[in-house]
Every structure is written in C-alpha cells, then in structure tokens.
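Heads up: the sequence shown begins at 1 in UniProt numbering, then just goes up one per residue. Backbone N, C-alpha and C define an ideal beta-carbon position, used for all residues, glycine too.
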Amino acid sequence: PAAAPVPAAPDGQTPADPAEAAAESSGSAAEPQAAVALAGGEDSEPDADELEGEGDEAEDEDELEAEEEAEDEDGEDDEAEAEHEEDETEQGDDEAEQEDVGEEDEDDDDRDKLATVRVDQQWVIDGEYFVDGAEPDGFEADLKLSLPKDEDEFRAAEWGRVYSDYRRGKDLTIKQSEPEVPEGCWLTDTDGLGTFELEYRSNRFAVVNKVHCDTTLKLVKKIEPDGNSEYEDWFWLKAAHGEDIAVEGLTGAQGYVDGGTTYTLEEEANFDGADEFSEAGWSCTTEDGYGEVAQDGNQVTPKHGQDVVCTATNELDAKHLEIHKSVWNVAEFGAGIWHVEYEVTVTNPSLFADREYKLSDTLKFGDGIRATNAEWILDYDGEEGVWSDPSGDATATLADGRSIEADSIHTYIIWARVEVDEDADEDQLDCELNGDDGTGLLNRAVLNGEYEAEACAEVWAPEDEEEVTPPGEDKEEVTPPSPAPTPAPAPAPAPAPAPAPAPTPGPAFVPGAAAPQPAPVVRPQLAQTGTDSLWMLPGAALLLIGGTLATRLSRRKR
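In structure tokens:
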C-alpha cells in the first residue's frame, strides 16, 4: 500500500519527522504480516490445500489492507480538516487580539485625560480656623459643582469627597449656597468660589468663609427674698478665662467675649455682715430667652453670637434674734416681803434685716413664794403692762409681732413684789431646780416660742423681827390725845372807881411735893384715816421702783 501523507504542522509549531510519520502510517499493515508468519511455522512446506488456503488468505489480506488504507485516508482527511478549522480559529483569535489592542490604546488615551476633583470647606470665625465638620453649630453652606460633560449644569456635591469623572483641560465651576450663620454673626468674605481649569490629574480646592460674631456676657446679682435689692450693689462680680478677666464690675457689668471659650464666674463680698448671705448659685440664659447656654456650675461657654446673662442669686440668711435675762435688783423689806427687778434684752444682730418677734415672761417662783404685784415696761418707747393675776397666772405676753430693726436692742424691765412664807422650805428658795418647776425668784423669758433665758435670785424665810420700812416710806407717828386744859375765867371788868378785887389765891406749894407740870402744847395734825400701815408698803415700794426706773431711763436716754 502507498505511504500515508505527513500531515502539515500547525502554524507556530515545529513539523513532525517524515520517518516517524511513515512508521506510524505503516504500522497497522505490518502487524498482520507478523501475525501470519507466527501462525505457519518455520520448517513446514505448504501443500496444495495450504497453498490454496494461503491464496485465499492473501486475498483476504489484500482486502483488509485496502480497507485499512481507506480508513487511514479517511482519518488523514479528518485530521487535515480539523487542522484547517484550527488554523481558521487561530487566525480569528489573532484578528480579535489585534482589535483588543486597538481598543486598549484608545482607553489608555482616555485614562490619561481623566481628572479627579475634591473641594474642602473652611470657616474662619473671629480669626479662628475650623476645617469642614469642626465648625460650631449654626454655620452651614452647601457645595455645588458643574457637571463634567455640561459645564452650565450643576450638581449637589459633598465637601471633602473625591469626584473622578472630570477630564483634564476642562473647566470646573465651584459654587455654594448662601452661608447660614447664627444670629449675632455675619459673613465678611468668601474665598475659593469661581471657574477653574483642571490642569492636573488630581485637583484639590478649598472654599473659605470668613465670619465675625458679636458675643457678649452680662453679670447680674440678685438678693432674695424680694425687698433686699439695695444690697445687690455690694458684690463685685467677674468672669475670667484662666488669669484673663473678660468682664468684671457691679451688678449689670457686660462685655464682649470669645464665642466657644469657657469662662469661670466669681463674686467677692468685702463688707461687714457678708456671712449673712448664702453662697452664690449661678444661672445663665440668653438675653432674649431663646437657645441653650452651655453651663457647668460656675463655668459658662457662650456660643458664637450669643448674648448671655449670668445671674448670681444669694439669699439673705439673717442672723437669729438673741435673748438675754438678768436680775437687776433685789431687796428685802422684812416680814417676808421682797422686791425684785429683772432685765430682759432682745437683740437683732443682723446688719440688714428687720425682724418681728414674740416674747413671754413667766414668774417661776418656788413653793411658798407668792407674787402680789408684777409689772413690765419697754424702755425705748415706754410701753408697759402688768400681770393681772401674778399668783394665779404667772405668764404675761410682753410682745406679739413686735418689729425690731436691724442692729438694734429692745430692753424690758420687769419688777415684782413678793411675799415669802415663814414655813417655806429652803430648797424652794435657793435657785437650784433639782427637778423642780421653779425655785427662788426664778424668772423665765421665751422668745418666739423656742429661745429661752432665765434669771434667779435667792431669798430666805422671814424671822420674828421688827418690820423694816422700805426706803422712801416713813412710819406715821401717832400722838396720844391730851386732855383739854381748863380755860381761865375771863376777868370781870373792874368797876370804877371801886378798887380792884384781890386775886384768887392759887394752890399752896407744899414742900417736898412734885413740881407742877406745864400744860401740854397742842400741835395741828392730820385726821386719822384708820388705814393700817402695813398696806402702805405696796405704795411705798411702787414709789421706790418708779423713782429707780425713772432715774435709769433718764440715764439711758442721755
């Protein structure tokens, strides 16, 4: 059979060896031949039948070879056709690769012309710079950028964002909305707006808004309760940032401050009685009442453009009234009769506040001691009063709602006439309570129902002794009535010229007898009233007390 053709090598590959190709093509025919040789043996000689059989086998082999050759030719044709199709596919791929390369070149040119754009925002508020996002509340403006393919149209943009759809050599227009600023602030200038050529692959811009704000801080002092505003000017107020004092002065002091800066609020009180005012509590608001103020205790941070008012409120905590009591004078008149005087003072130590008070006084004498009379008087205006029944109701009200001015004293004088029983126990006379309700000449005053003051004087029981007349009271001298003398008869007129009659002889003087007594002298005197001298003692005591009190009051007024 004819040798099989050597298939052509595909493009780009090395062609196959012709010998190897021929061997591959003849291998299928040689194998049957070898198989036949192995079946006949080496020494046998073929007979006629064998030869005939061999002839048939040869024919069969020829037919088989012809079929194999036909199959080989068909296989070679299929391979050639496949190689042709492969060549066409490779050629198409090459053409596609060439087209892709061309498109890539065009894309590279476009990428070289692309540009990125970023626009930042800055605020300059009273000289202080703030980058976008760090500015205080109330400052705002929106960004607008022209479109990449239509420079007359704009789109809303974000500050600080990178936009990569612009092209170099094209123009970019930057705009912003009308800036919003807090009340009290206004825009002074803006930089960075306009139209710009995109010269670089990366382009970055900044819009700067410059703003000025008027920020004020006012300091106010308030004293409670109402009616004490006269003391508000006695305090010195100030606001400081560190050691720098921004505002200071009396109530109503005001000044410009820096918005966003924290200030410490203080007050000073350098006057007598400052301890009567409670510690200040600060409260800060806006002057118009709108908006919140950043405050922490005595520290305040005004926002830009705010007018802040900070008020320090103090409460007048006036000092309490004081009461004091003492025994001023005590005297014994004898026969168990005593006279005692007390002094009660109500003091208002406050230098600022008038007060009202209630004052009561109780005679807390020991058993066996009775008050027969008791009175009181207020020294500064002469108001007075009495105990209606001192032995039965020992308490009297000296004041109820009486007003006392600041830094003043009210003094009350109380006096009482008492009698001590002869059989009174000593432990009731010694001013030592020891659980008793009263003792001696104990006197207790109560101020406003809660503050008490006491004073006491010892007494003793009377002894059998002559009654002592109180000073200023003389005993009445009683003269026994004298018999009326016998009047001498009137001489009869002497008759004239008759001689005068001889005088009537008197009684004869007897030696050794007592000398005759002269006739008693009759003196004029008050008629007897029949009043017991013992009841004159109260009057004498009152006269004594009145004189003493008048002398004391006259000294105080001087």
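Can you say whether residue i is buried or exposed, counting buried as having 16 or more other CB atoms within 10 angstroms of its CB?
i: residue 515; result: The predicted position of residue 515 is uncertain, since its pLDDT is 40 and thus under 50; no value can be drawn from it.
i: residue 209; result: buried
i: residue 297; result: exposed
i: residue 422; result: exposed
i: residue 272; result: exposed
i: residue 417; result: buried
i: residue 148; result: buried
i: residue 350; result: buried
i: residue 156; result: exposed
i: residue 386; result: exposed
i: residue 218; result: buried
i: residue 401; result: exposed
i: residue 215; result: buried
i: residue 439; result: buried
i: residue 134; result: exposed
i: residue 325; result: buried
i: residue 207; result: buried
i: residue 131; result: exposed
i: residue 412; result: buried
i: residue 237; result: buried
i: residue 113; result: exposed
i: residue 339; result: buried
i: residue 137; result: exposed
i: residue 200; result: exposed
i: residue 276; result: buried
i: residue 263; result: buried
i: residue 348; result: buried
i: residue 203; result: buried
i: residue 425; result: exposed
Would residue i count as contacting chain B if we go by Cβ distances under 8 Å?
i: residue 316; result: In the displayed structure, chain B is absent; only one protein chain is listed.
Please report the Cβ distance between residue i and residue j, rounded to the nearest whole angstrom; I am assuming they are in contact, meaning their Cβ atoms lie under 8 Å.
i: residue 284; j: residue 308; result: 6 Å
i: residue 303; j: residue 255; result: Not quite, the Cβ-Cβ distance comes to about 16 Å (not below 8 Å), so this is no contact.
i: residue 357; j: residue 399; result: 6 Å
i: residue 252; j: residue 220; result: 6 Å
i: residue 453; j: residue 344; result: 7 Å
i: residue 378; j: residue 410; result: 6 Å
i: residue 376; j: residue 406; result: About 25 Å separates the two Cβ atoms, so there is no contact after all.
i: residue 336; j: residue 419; result: 5 Å
i: residue 321; j: residue 355; result: 6 Å
i: residue 458; j: residue 313; result: Incorrect: roughly 54 Å between the Cβ atoms, too far for contact.
i: residue 126; j: residue 213; result: 6 Å
i: residue 205; j: residue 174; result: 6 Å
What residue range does the beta strand (DSSP E) around residue i cover?
i: residue 196; result: 194-197
i: residue 290; result: Neither: residue 290 is in no beta strand (DSSP E) and is coded neither H nor E.
i: residue 149; result: Where residue 149 is concerned, there is no enclosing beta strand (DSSP E), given that its DSSP letter is neither H nor E.
i: residue 210; result: 202-213
i: residue 443; result: 443-447
i: residue 247; result: 244-249
i: residue 123; result: 114-125
i: residue 373; result: 369-378
i: residue 139; result: Neither: residue 139 is in no beta strand (DSSP E) and is coded neither H nor E.
i: residue 159; result: No beta strand (DSSP E) contains residue 159, which DSSP labels as neither H nor E.
i: residue 451; result: 451-455
i: residue 306; result: Premise fails: residue 306 is in no beta strand (DSSP E) and is neither H nor E.
i: residue 402; result: 395-404
i: residue 598; result: Limits of the chain in this structure are 1 at one end and 558 at the other, which puts residue 598 out of reach.
i: residue 333; result: 322-334
i: residue 348; result: 337-348
i: residue 168; result: No beta strand (DSSP E) holds residue 168; DSSP gives it neither H nor E.
i: residue 561; result: Since the first residue shown for the chain is 1 and the last is 558, residue 561 is missing from the structure and cannot be characterised.
i: residue 359; result: 355-363
i: residue 221; result: 216-224
i: residue 263; result: 263-268
i: residue 385; result: 384-386
i: residue 565; result: Because the chain here runs from 1 to 558, residue 565 falls outside it and cannot be looked at.
i: residue 237; result: 236-241
i: residue 420; result: 408-420
Going by the C-beta, is residue i closer than 7 Å to any heavy atom of the ligand ADP?
i: residue 191; result: As presented, the structure is devoid of all ligands, the ligand ADP included, so that no description of it is given.
- Query: Is there contact between the stretch 307-325 and the stretch 376-384, where contact requires at least three CB pairs shorter than 8 Å?
  - Reply: Three or more Cβ pairs closer than 8 Å define a contact, and the stretch 307-325 falls short of that threshold against the stretch 376-384.
- Task: Take every Cβ of the stretch 137-153, pair it with every Cβ of the stretch 231-239, and state whether three or more of those distances are shorter than 8 Å.
- Result: A contact between stretches requires three or more CB pairs, one per stretch, nearer than 8 Å, and the stretch 137-153 fails this requirement with the stretch 231-239.
- Assess, as a yes-or-no matter, whether the stretch 177-186 is touched by the stretch 237-248 under the definition of 3 or more beta carbon pairs within less than 8 Å. Short answer: they don't touch.
- the stretch 160-168 contacting the stretch 185-195, beta-carbon criterion three pairs below 8 Å: The stretch 160-168 vs the stretch 185-195: no contact.
- Looking at C-beta atoms only, is the number of pairs between the stretch 120-136 and the stretch 162-171 that lie closer than 8 Å three or more? With the cut-off at 8 Å, the stretch 120-136 and the stretch 162-171 do not touch.
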